[in-house]
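Residue numbers (full-length UniProt numbering): 1 to 268.
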């Protein structure tokens, strides 16, 4: 089989697998409330497949360097969330998501000007969370969460967007190197697709409440990226990816458990 055809077929398979993951995660999210939905949305639904397929094509050192590039981008995504949450209170979906994407792209361009270390990534994330987590509090609750009615194109749209992201990351990684690959892998495709779908249907404040509730989950996602960077070379890509995924899942389970404990305490 010609090399180009083999690459295209393998890429199509990878896109299909990523799309299937998004469809499954989306169906679970839609059956949950804003808090659980936010915890699911902050799992590595789009970045995970991108990194798995990067690991199939590159060595552990490449994955480690990509994760190091992704770490400060997690802080950038937090400001994306904050920009959307603020804009969504009064603006349309297009303006809110578009404005948040302008913030993400602008900060990502600035981030590329620096040579990042793990300590630098921790500092960037600490600053982002120190600003965003307190700012989210006033937007985390709405008087009534409207019922979400799914339309036929909702999940296919999300699947196509994530599959496209996987295709871009995998294709470009052969030329652009780990730094750009790690940056693109964290492009907020899932957050953008979810907000674009839900905002016109249930309103900006309700959609913003879901995003605002995901702040602590984003922190766990950042920890998982740091784990991937540290573990990739000594443990190998497969073990490091598994450990990073377990870190993200366990973090969000703990957040859910803490939330349940708080609710139970208030009811006493």
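No residue lacks a Cβ here, since even glycine has one placed at the ideal position from N, Cα and C.
| Check | Outcome |
| --- | --- |
| Buried versus exposed call for residue 59 [16 or more other C-beta atoms within 10 Å across all chains shown] | exposed |
| Reduced DSSP category for residue 2 - H, G, I as helix; E, B as strand; rest coil | Bear in mind that the predicted position of residue 2 carries a pLDDT of just 42, short of 50, making it too unreliable to give a figure here. |
| Cβ pair count under 8 Å reaching 3, the region 250 to 266 against the region 46 to 60 | no |
| The region 198 to 206 / the region 175 to 188 touching (three or more Cβ pairs under 8 Å) | no |
| Member of 222, 253 and 255 whose CA lies at the smallest distance from the CA of residue 128 | 222 |
| At least three beta-carbon pairs within less than 8 Å, the region 72 to 90 to the region 242 to 250 | no |
| Under 7 Å between C-beta atoms of residue 196 and residue 108 | no |
| 6 Å CB neighbourhood of residue 112 in its chain, flanking five on each side removed | none |
| Which of helix, strand or coil DSSP assigns to residue 43 | coil |
| As assigned by DSSP and simplified to three states, the class of residue 92 | coil |
| Beta-carbon spacing of residue 116, residue 44 below 7 Å | no |
| CB-CB length for residue 100 against residue 183, believed under 8 Å | No, residue 100 and residue 183 are not in contact; Cβ-Cβ is about 17 Å, not under 8 Å. |
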